[in-house]
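Enquirer: One structure is given below, represented as structure tokens, and several questions about it will come after.
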Amino acid sequence: MKGWPEVVLFTCPSLFGNDWEGESEVLTMIEKFNNKPGNLMLPRMKIAVEAATEIFGAENAEDIVEAWWNIFLAAKILRKYTIALGQLFFYGSMAQRWLTRPLTVFYERLSESEKVYYKPYLFQPNAEHDNGDLLDQSNKRQFGGMKHLRHFNRDFADSFEKYQAARERINAVFERGGAEKGKLAAQLDAYEVLMCFLINVKHVINFQITLEKAKQRIRDSGGKVSAAEQSGVGGGLLLPDEKMVLCEIIRGEIDNCLKLAELLEKNNTLIETAETKQGETSFLLGPDVVVALRRKAEIMQNHLYEVDELTGYR
Numbered sequence: 012m013k014g015w016p017e018v019v020l021f022t023c024p025s026l027f028g029n030d031w032e033g034e035s036e037v038l039t040m041i042e043k044f045n046n047k048p049g050n051l052m053l054p055r056m057k058i059a060v061e062a063a064t065e066i067f068g069a070e071n072a073e074d075i076v077e078a079w080w081n082i083f084l085a086a087k088i089l090r091k092y093t094i095a096l097g098q099l100f101f102y103g104s105m106a107q108r109w110l111t112r113p114l115t116v117f118y119e120r121l122s123e124s125e126k127v128y129y130k131p132y133l134f135q136p137n138a139e140h141d142n143g144d145l146l147d148q149s150n151k152r153q154f155g156g157m158k159h160l161r162h163f164n165r166d167f168a169d170s171f172e173k174y175q176a177a178r179e180r181i182n183a184v185f186e187r188g189g190a191e192k193g194k195l196a197a198q199l200d201a202y203e204v205l206m207c208f209l210i211n212v213k214h215v216i217n218f219q220i221t222l223e224k225a226k227q228r229i230r231d232s233g234g235k236v237s238a239a240e241q242s243g244v245g246g247g248l249l250l251p252d253e254k255m256v257l258c259e260i261i262r263g264e265i266d267n268c269l270k271l272a273e274l275l276e277k278n279n280t281l282i283e284t285a286e287t288k289q290g291e292t293s294f295l296l297g298p299d300v301v302v303a304l305r306r307k308a309e310i311m312q313n314h315l316y317e318v319d320e321l322t323g324y325r
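In this text, residue positions in the sequence shown follow the numbering used here: the first is 12, and each later residue adds one.
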């Protein structure tokens with residue numbers, strides 16, 4: 012994701028050469044910290060203020076440093092959550108195609124035509140591994156159970172709040188205008204893309220664990236419940252909480268991927284993609300990512316009724 016090289020692993024120059032594509036603030040920070048190395052907080056903050064002043068002007072330095080600090084804190088929180096010791100974006104959004112893969116309660120019902128645009132790029136060393144579980148795609152499953160999900164959602168909310176605080180500070184500088192207004196406008200656009208990535212991560216993790224909870228309740232019931240628990244809709248087990256949560260996640264993710272598609276349609280330079288479809292890999296999205304996002308939304312909408320079926324309302 013261009014504009015935020017400290018946040019997303021797959022923009023690292025070590026993976027894609029050493030072209031920082033005009034990220035002069037990053038190079039300025041590296042140069043200044045190399046000139047005055049140290050571990051104490053106050054000297055480091057002074058260096059950050061110097062760099063922000065040089066790049067954005069004295070009137071904007073405090074807002075910019077505050078934004079940088081919030082981004083650092085937000086990323087630090089999310090680094091506690093990994094997949095196979097890799098970052099959520101790198102191994103989740105990319106290698107497991109969370110970004111473009113549809114969320115459906117009956118994965119096994121997806122046709123090959125509904126899987127063909129993402130399935131070949133799922134990273135999994137074992138070719139025979141069942142890839143129906145969104146959270147079990149590599150050598151270690153990092154997430155599991157409602158207790159873990161509660162911890163993740165609490166940390167995610169804390170991290171997301173800090174990202175939003177950073178955006179507010181950057182937007183304040185943008186509103187003041189000045190020579191760097193064009194660069195800041197591009198960074199704000201990149202920030203909207205980052206928000207879509209983050210929301211996608213939250214949706215996928217919450218969806219999979221909530222789905223497992225619902226299916227476990229169905230298995231535990233043996234398909235038989237007391238008369239008091241029967242719904243009158245086929246007399247089956249009702250799972251109203253799971254129905255509400257799953258529908259909310261699916262509808263939220265449909266909106267999220269359509270928003271991301273619109274952002275990328277307006278500016279296709281906001282994320283790194285392969286130049287050709289042949290260049291797409293597990294760790295690099297294809298140039299048709301907008302088409303893939305719209306296809307994902309279409310598939311999810313077509314399978315939304317399955318939530319009612321799973322939870323006893325159909």
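For glycine and all other residues, C-beta sits at the position ideal for the given N, C-alpha and C.
Please confirm if the region 299-316 is in contact with the region 195-206, defined as three or more CB-CB distances below 8 angstroms between the two stretches.
Expert: no
Enquirer: In whole angstroms, what separates the C-alpha of G243 from that of M255?
Expert: Residue numbering aside, residue 243 sits at position 232 when the sequence shown is read from its first letter. Residue numbering aside, residue 255 sits at position 244 when the sequence shown is read from its first letter. Caution applies to G243, whose pLDDT of 42 falls short of 50 and renders its modelled position unreliable; the value that the coordinates give is listed next. Their backbone Cα atoms lie some 19 angstroms apart in a straight line.
Enquirer: On a Cα-Cα basis, can you pick out the residue from I265, I220, N267 that is closest to E253?
Expert: Within the sequence shown, numbered from 1, the residue matching residue 253 stands at position 242. If we check each option's Cα against that of E253, I220 comes out closest.
Enquirer: If you drop the 5 nearest sequence neighbours on each side, which residues of the same chain put their C-beta closer than 7 angstroms to that of A72?
Expert: As a first step, residue 72 is located in the sequence shown; it is residue number 61 there, counting from the start. Within the same chain, A72 has close Cβ partners V60, A63, T64.
Enquirer: Once DSSP output is grouped into helix, strand and coil, what is the label at L295?
Expert: Counted from its first residue, the sequence shown places residue 295 at position 284. Looking at L295 - three-state DSSP - the assignment turns out to be strand.
Enquirer: With 16 as the cutoff for other CB atoms within 10 Å, does N279 come out buried or exposed?
Expert: Start at 1 with the first residue of the sequence shown, and residue 279 comes out as number 268. Looking at its Cβ environment, which holds fewer than 16 other Cβ atoms inside 10 Å, N279 is exposed.
Enquirer: In the DSSP output, what is T322 paired with across the bridge?
Expert: Reading the sequence shown from its first residue, position 311 is the one you call residue 322. Beta bridge pairing from DSSP links T322 with no other residue.
Enquirer: Apart from the five residues just before and just after A78, which ones in its own chain have a Cβ nearer than 7 angstroms to its Cβ?
Expert: Walking along the sequence shown from the start, residue 78 turns up at place 67. Around A78: A177, R180, I181.
Enquirer: Could you name the residues of the same chain whose beta carbon sits closer than 8 angstroms to that of R187, not counting the 5 residues immediately before and after it, in chain order?
Expert: Walking along the sequence shown from the start, residue 187 turns up at place 176. Once the five neighbours on either side are set aside, the close Cβ partners of R187 are E70, N71.
Enquirer: Rounded to whole angstroms, what's the CA-CA distance from V146 to V127? Just pull it up for me.
Expert: Translated into positions along the sequence shown, residue 146 becomes position 135. Translated into positions along the sequence shown, residue 127 becomes position 116. The sequence shown places Leu at residue 146, rather than the Val named in the question. Their backbone Cα atoms lie some 20 angstroms apart in a straight line.
Enquirer: Helix, strand or coil for T284 per DSSP?
Expert: Residue numbering aside, residue 284 sits at position 273 when the sequence shown is read from its first letter. The answer is strand: DSSP assigns T284 an E or B state.
Enquirer: Quick one: grab the DSSP three-state call for K57.
Expert: Here the question's residue 57 lines up with position 46 in the sequence shown. In the structure shown, K57 sits in a helix (DSSP, three-state: H, G or I).
Enquirer: With three or more C-beta pairs closer than 8 angstroms as the rule, is the region 80-87 touching the region 269-278?
Expert: no
Enquirer: Taking contact to mean at least 3 C-beta pairs separated by less than 8 angstroms, is the region 304-312 in contact with the region 110-128?
Expert: yes
Enquirer: How far does the alpha helix (DSSP H) with P251 in it extend, from its first residue to its last?
Expert: Residue 251 sits at position 240 when you count from the first residue of the sequence shown. Note, P251: alpha helix (DSSP H), 251-277.
Enquirer: Judging by CA-CA distance, which residue of K130, E119, P54 is the nearest neighbour of S293?
Expert: Here residue 293 corresponds to residue number 282 of the sequence shown, with the count starting at 1. Nearest option by C-alpha distance: K130.
Enquirer: When DSSP labels each residue in this structure, what does H314 get in the three-state scheme?
Expert: Taking the sequence shown and counting its residues from 1, one reaches residue 314 at position 303. Coil at H314, not helix or strand.
Enquirer: Pick helix, strand or coil for K43, following the three-state DSSP scheme.
Expert: As a position in the sequence shown, residue 43 is number 32, starting the count at 1. Three-state result, K43: helix.
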